[in-house]
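Trainee:
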Ligand SMILES: *[C@@H]1O[C@H](CO)[C@@H](O)[C@H](O)[C@H]1NC(C)=O
Ligand SMILES: *[C@@H]1O[C@H](CO)[C@@H](O)[C@H](O)[C@H]1NC(C)=O
């Protein structure tokens, strides 16, 4: 398997020459932050099996919304924070599809997720402005294939660690 991405100019494979990006070390795709990074990332097996897609967005804004990159299951708790570029969280108003989530600014909000919570979120602060928008995706059932990302905003490399697990064989019952 390998890591693939589309940053707006077609599909690229990690470590491939020509239409490639970054360097694949056997378990991770490593690339420097001066490369174009914003786009959709996923991993793909030899037989074409695909993981969930993850959007990675690079932003100059002073705050970003911390939100799960992967789909979450209905009934699970999701925590949102408005993270400052300089570290720590800012007191913020959180928005969902254009509407405020709560009546006052908070450092952290937790949502027990239902299907209707799927959509576009962002946070807005008095001091630091607003964050870029992020999509929260909600699934009702188990998704066997996953991508885990580690993002570091201020370092020179971004590491994508990917795990593919195959679904269990169909039950005979
Ligand atoms: C690949 O890079 C990752 C992240 O730096 C590191 O954790 C891992 O040990 C490396 N694997 C190999 C085989 O070099
Ligand atoms: C990625 O971002 C684009 C543009 O904001 C959006 O249309 C798309 O639904 C997102 N995809 C995922 C998997 O979140």
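Numbering (this note's numbering), first residue to last: 6 to 178. C-beta: ideal position from N, C-alpha, C; glycine also. Given the structure is predicted, the values throughout are model-derived calculations rather than measurements.
Following the continuous beta strand (DSSP E) through residue 44, name the residue where it begins and the one where it ends.
Mentor: Residues 44 to 49.
Trainee: For the beta strand (DSSP E) that contains residue 59, what are its first and last residues?
Mentor: From DSSP, the beta strand (DSSP E) with residue 59 extends over 59 to 61.
Trainee: My understanding is that residue 107 touches residue 101, with C-beta atoms under 8 Å, so please give their C-beta distance in whole angstroms.
Mentor: Residue 107 to residue 101, Cβ: 10 Å. No contact.
Trainee: By DSSP, does residue 161 sit in helix, in strand, or in coil?
Mentor: With a pLDDT of only 39 at residue 161, under the threshold of 50, the placement of this residue in the model should not be trusted; the figure read from the coordinates follows. Residue state, collapsed to three classes: coil.
Trainee: Please report how far the alpha carbon of residue 126 lies from the alpha carbon of residue 28, in whole angstroms.
Mentor: Those two C-alpha atoms are separated by around 32 Å.
Trainee: Under 6 Å Cβ to Cβ from residue 69, same chain only, skipping five residues before and after it: list those, please.
Mentor: Around residue 69: 88, 136.
Trainee: If I measure Cβ to Cβ from residue 112 and keep anything under 6 Å in the same chain, skipping five residues before and after, which residues do I get?
Mentor: Closer than 6 Å at Cβ, skipping near neighbours: 94, 96.
Trainee: Just reading off the beta strand (DSSP E) that residue 119 is part of, what are its end residues?
Mentor: Note, residue 119: premise wrong, no beta strand (DSSP E); not H, not E.
Trainee: Starting from residue 14, follow the beta strand (DSSP E) in both directions and report where the run begins and ends.
Mentor: It is not in any beta strand (DSSP E) - residue 14 carries neither H nor E in the DSSP assignment.
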